[in-house]
Amino acid sequence: MASRISFFRPLPSVIAPATRRPPSRAASPSSLHPKPPQLVVGSQRSNLVVNHPQFFVDGLRRRRLNILPSRAAETENSGPELSSPLETVLTFYDAINVKDYHKLEQLVSDDCYFQDMSFAKPFEGKKKVVSFLKELGSSMGSNVKLVVEDEYGSSGQSMVILAWHMEWRGKYIPFTKAHSFFECEADGKGQRIKKVRVLMEWPLKVGDLALRLMEAVTSLFERFPVAAEKTSPGTV
-10 MASRISFFRP
0 LPSVIAPATR
10 RPPSRAASPS
20 SLHPKPPQLV
30 VGSQRSNLVV
40 NHPQFFVDGL
50 RRRRLNILPS
60 RAAETENSGP
70 ELSSPLETVL
80 TFYDAINVKD
90 YHKLEQLVSD
100 DCYFQDMSFA
110 KPFEGKKKVV
120 SFLKELGSSM
130 GSNVKLVVED
140 EYGSSGQSMV
150 ILAWHMEWRG
160 KYIPFTKAHS
170 FFECEADGKG
180 QRIKKVRVLM
190 EWPLKVGDLA
200 LRLMEAVTSL
210 FERFPVAAEK
220 TSPGTV
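Quick note on numbering: the sequence shown equals residues -10 to 225 in the working numbering.
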């Protein structure tokens, strides 16, 4: 029995007791898990991770855009210093809703190219683009607003895509759903809108007829390829 107890000897007394460390403050949750950068739009905040390498989608839906007083004060004198293409595009829609044409002039580049597929020709240059936006604001009146449904973008690129529609006093206007494709560029003061392409919902729902028409046109191209190449307007 004594031989078995000898395996469990007490620890030597030369081992110094563990030194006590002064109590430290507990790490706050914000320091352990930093919040992603937030994009302020109006009075709401969107937890939009701008630094994500892939495409991101903002979770807020049916949001009306309101100008921030601080942002409006910045743009009166020095112009909009916007850090991201997405913020630039949202401010662009904001300015259309409140008819701030001075801000729109600051947001678009001098060589801006604006193509609305509802029109036969695109609007080229800042002067023509802003003139078209003024006509758009006049036709909207004071009760029609552009309402953003979804936002798509990439932190590594200058492309932004918005899904939106129009509302009159908070009520959806039929056949006004659209997608807008924006291309921005950076200059010394921030981001500017360089190219816009707008695809509006077609009020005539042709359904299968569109496929039949496409099939008929394709067959004509195949039968008369030389004539098709001469009459094709090409791509922009």
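Each residue gets a CB set at the ideal place from its N, CA and C atoms; glycine is no exception.
CA-to-CA distance, residue j to residue i, given in whole angstroms
i	j	result
E140	H168	10 Å
S107	M189	7 Å
A199	E156	28 Å
E138	I150	11 Å
C101	D176	14 Å
K184	T77	13 Å
S172	M148	What sits at residue 172 in the sequence shown is Glu, not Ser. Each residue's Cα considered, the two are about 5 Å apart.
R158	T165	15 Å
V215	D83	48 Å
F213	M203	15 Å
H91	K123	11 Å
P192	F210	28 Å
W153	E218	36 Å
Q146	F170	13 Å
G196	N132	32 Å
F121	R201	35 Å
A109	Y161	27 Å
S72	G130	31 Å
G142	E174	14 Å
V136	E113	25 Å
Residue i (DSSP reduced to helix, strand or coil)
i	result
T64	For T64, the predicted model reports a pLDDT of 40, less than 50, meaning its position is unreliable and no value from the coordinates is stated.
K123	helix
K116	helix
R158	coil
R212	helix
L188	strand
S169	strand
A175	strand
V133	strand
Q104	strand
D139	strand
K183	strand
L79	helix
V195	coil
S98	strand
A152	strand
A226	As shown, the chain starts at -10 and ends at 225. That puts residue 226 outside it, with no answer to give.
Nearest-angstrom beta carbon gap, residue j and residue i [assumed within contact, 8 Å]
i	j	result
V206	D105	Wrong, their Cβ atoms sit about 23 Å apart, outside the cutoff.
D99	K115	5 Å
F103	L93	Actually they do not touch by this definition, with Cβ atoms about 11 Å apart.
Q180	P111	Not quite, the Cβ-Cβ distance comes to about 21 Å (not below 8 Å), so this is no contact.
Residue from the options with nearest C-alpha to residue i
i	options	result
L79	E218, I182, G126, K219	I182
P163	R201, K194, V87	K194
L125	K92, E138, I85	I85
S128	W191, K88, M148	K88
L96	A109, K178, E113	K178
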